[in-house]
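The structure appears right after this line, and notes come after that.
Numbering (the working numbering), first residue to last: 2 to 588.
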């Protein structure tokens, strides 16, 4: 890796490179399993309390125990995981001076593994809240701890340990969507094919799993679910906490892309209570970028997943509560505090709301498109999709920067990438450095003035596409099993209709001067000649006081990761300004 801080979510390497990744992790064992000195243990004492366990005692259980961090003072702790059918397998054994925890414990999520005492054990128990205080107050110790937490999560992902077990046949669409959901959220999991794994076959036989019920999911606590929704899976893993309480947050962030995560980090680090809601996976569309090469400070580039993963850990470090998947259904602005209702009916309350809800992927008008989503048609180009198209010819539709990054990334896996665009060239919508790279890549072909008009397939998924040259009207059938769609996105603002948040003609949210200008125009159109001043608004504030908009969903925003992060940071000072003007005693 290029720096001392590891990528939170590693790139999935080709099969022949896996030993290299394993060797790299092995070489960092001293960072994964640091040993605290006697002096350091004394410094840790003020953040926790001691507890003792008898030989063989269960210290924590996967899926149910929330313990923060356990620092071993004497004895040993054996770590194991569930494999389904009541079976567990040993993973490691920790000794005095070492600690038990991984990234999930920063935010109080349940453990992914089980722990038992080996001999009589004494530990220092540090709660999640105290762990966050520790990594902030003790800078040097905090750096070592956070690095270990991140590397442990990386290790769990690499060796498929911890987390849920997904059981289903290769090529199953539901299985792919669930695997993609977990991978995008940096959550370790194991995938077993009942046709190739005896334990998986036994699980299917025991629970009478049928094709509509695939995949079967074995949660870390051993509970088995049949084709759960993402929300059900999120609750099983602690990713979606219970939000039904009466707590009022200082800041409610809707969308955990780069802008939303930036707001969460800066607001929480300045003492504000923050809840971030994400409907699918943190990082947003940027999280799907194979490599961002023009982000300041990363001269060799950084993957969107790595950048988002680091920001996600940073947000947890400062105490941000993050709920995934949590989809907003209605924003109620007619009372105080502001209220937001989720699609499951839960209502959360906040003093301010930051809309960083981004955009939804645009879907072409193809008759059977939905049939092949996850079975040959994809909207992301992550390592999961890349492995599916190894040594295949694929089609990628789109001419923007995201499409260019995806084409370059996939060209390292597919035998050929056919880039299909309606326009005459890539120059109208793609950065020059990406165009140069595409031109220099031998196995990328660009088809201008072309669009896909039909998809064909069988029970196993997509088998071919038909495209048409719009200059010659010539149509061709092409045998491909993978199509990647990067045809733009529409603002995710439909759910705001119940609130008076002003949007432009395309549905993007107006803020600051744009709101004031439109209100002036509305007065003129209505023949209103009043000369009283319109309400003052901060630059990122919407037409509703206390509601702000940042990132791609904001009208006039610069569609760049750096710009989104900048807006996410800038809005925090405007939130402070709004809160300072509230009357004394306001909820």
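Don't be surprised by glycine CBs; every beta carbon is placed ideally from N, CA and C.
Looking at C-alpha atoms only, which residue of the options is the closest neighbour of residue i?
i, options, result
"residue 1", "503, 129 and 142", "Residue coverage of the chain in this structure runs from 2 to 588, which leaves residue 1 outside it and unanswerable."
"residue 517", "503, 529, 527 and 508", "503"
"residue 508", "176, 526 and 553", "553"
"residue 69", "42, 131 and 39", "131"
"residue 567", "265, 221, 521 and 48", "265"
"residue 168", "199, 138, 528 and 156", "199"
"residue 213", "342, 230 and 103", "230"
"residue 271", "582, 574, 584 and 583", "574"
"residue 351", "360, 61 and 274", "274"
"residue 238", "64, 562 and 434", "64"
"residue 128", "118, 381, 101 and 153", "101"
"residue 578", "541, 448 and 563", "541"
"residue 392", "444, 423, 192 and 440", "444"
"residue 447", "462, 48 and 423", "423"
"residue 1", "458, 510 and 224", "In the structure as shown, the chain starts at 2 and stops at 588, and residue 1 therefore has no counterpart that could be examined."
"residue 234", "326, 75 and 570", "326"
"residue 442", "410, 366 and 561", "410"
"residue 135", "339, 47 and 390", "47"
"residue 185", "480, 386 and 123", "386"
"residue 50", "73, 33 and 61", "73"
"residue 349", "421, 362 and 242", "242"
Tell me whether residue i is buried or exposed, calling it buried when 16 or more other Cβ atoms sit within 10 Å of its Cβ.
i, result
"residue 373", "buried"
"residue 9", "Any answer about residue 9 is weak, because its pLDDT of 37 lies below 50 and its placement is not dependable; what the coordinates show is given next. Residue 9 comes out buried."
"residue 209", "exposed"
"residue 334", "buried"
"residue 165", "buried"
"residue 408", "buried"
"residue 251", "buried"
"residue 298", "exposed"
"residue 220", "buried"
"residue 59", "exposed"
"residue 201", "buried"
"residue 31", "exposed"
"residue 240", "buried"
"residue 559", "exposed"
"residue 11", "At residue 11, the pLDDT of 36 sits below 50, so the modelled position is not reliable; the number obtained from the coordinates is stated separately. By the 10 Å Cβ count, residue 11 comes out buried."
"residue 500", "buried"
"residue 514", "exposed"
"residue 151", "buried"
"residue 406", "buried"
"residue 419", "buried"
"residue 434", "exposed"
Near residue i, which residues of its chain fall below 7 Å by C-beta distance, leaving aside the five closest residues on each side in sequence?
i, result
"residue 474", "none"
"residue 305", "284, 287, 288, 289, 290 and 293"
"residue 1", "Shown here, the chain extends from 2 to 588; a query on residue 1 therefore has no answer."
"residue 162", "82, 92 and 189"
For residue i and residue j, what's the separation of their Cα atoms in angstroms?
i, j, result
"residue 417", "residue 485", "13 Å"
"residue 236", "residue 37", "34 Å"
"residue 426", "residue 414", "24 Å"
"residue 120", "residue 77", "7 Å"
"residue 110", "residue 67", "6 Å"
"residue 56", "residue 125", "17 Å"
"residue 478", "residue 466", "6 Å"
"residue 591", "residue 563", "The structure shown does not extend to residue 591, since the chain spans only 2 to 588, so no value can be given for it."
"residue 7", "residue 295", "Caution is warranted here: a pLDDT of 35 is assigned to residue 7, below 50, making its placement in the model unreliable, and the coordinate value is therefore given only provisionally. Those two C-alpha atoms are separated by around 20 Å."
"residue 147", "residue 104", "8 Å"
"residue 204", "residue 158", "23 Å"
"residue 173", "residue 303", "31 Å"
"residue 487", "residue 380", "6 Å"
"residue 342", "residue 539", "25 Å"
"residue 472", "residue 450", "6 Å"
"residue 432", "residue 315", "30 Å"
"residue 300", "residue 403", "19 Å"
For residue i, which residues in the same chain have their Cβ closer than 6 Å to its Cβ, ignoring the five residues on either side in sequence?
i, result
"residue 255", "278, 329, 356 and 358"
"residue 177", "375"
"residue 226", "218"
"residue 183", "190"
"residue 583", "none"
Note down, in chain order, each residue of its chain lying with its Cβ closer than 8 Å to the Cβ of residue i, except the 5 sequence neighbours on either side.
i, result
"residue 133", "107, 317, 318, 319 and 320"
"residue 94", "77, 78, 79, 80 and 119"
"residue 594", "Within the shown structure, residues of the chain are numbered from 2 to 588, placing residue 594 beyond reach of any answer."
Is there a Cβ of chain B sitting closer than 8 Å to that of residue i, yes or no?
i, result
"residue 207", "Note that chain B does not occur in the displayed structure, where there is just one protein chain."
Any chance the CB of residue i is under 7 Å from a heavy atom of the ligand FAD?
i, result
"residue 564", "Absent from the structure shown: the ligand FAD. Ligands present: none."
Threshold first: 3 residues or longer. Then list the beta strand (DSSP E) segments lying entirely within the stretch 341–375, N to C. The stretch 341–375 contains these whole beta strand (DSSP E) runs: 348–356 and 360–362.
Inside the stretch 92–164 only - alpha helix (DSSP H) runs reaching at least 4 residues: 129–138 and 140–159, all fully within the stretch 92–164.
Ignoring anything shorter than 3 residues, give me the beta strand (DSSP E) runs that lie fully in the stretch 160–209, in order along the chain. Listed in chain order, the beta strand (DSSP E) runs fully inside the stretch 160–209 are 166–168 and 191–193, counting runs of at least 3 residues.
Going along the chain, which unbroken runs of the beta strand (DSSP E) with 3 or more residues stay wholly within the stretch 304–348? Qualifying beta strand (DSSP E) stretches, in chain order: 322–324, 329–333 and 339–343.
Runs of 4 residues minimum, wholly inside the stretch 487–552: which ones carry the alpha helix (DSSP H) assignment? Along the length of the stretch 487–552, whole alpha helix (DSSP H) runs at least 4 residues long occupy 513–526, reported in chain order.
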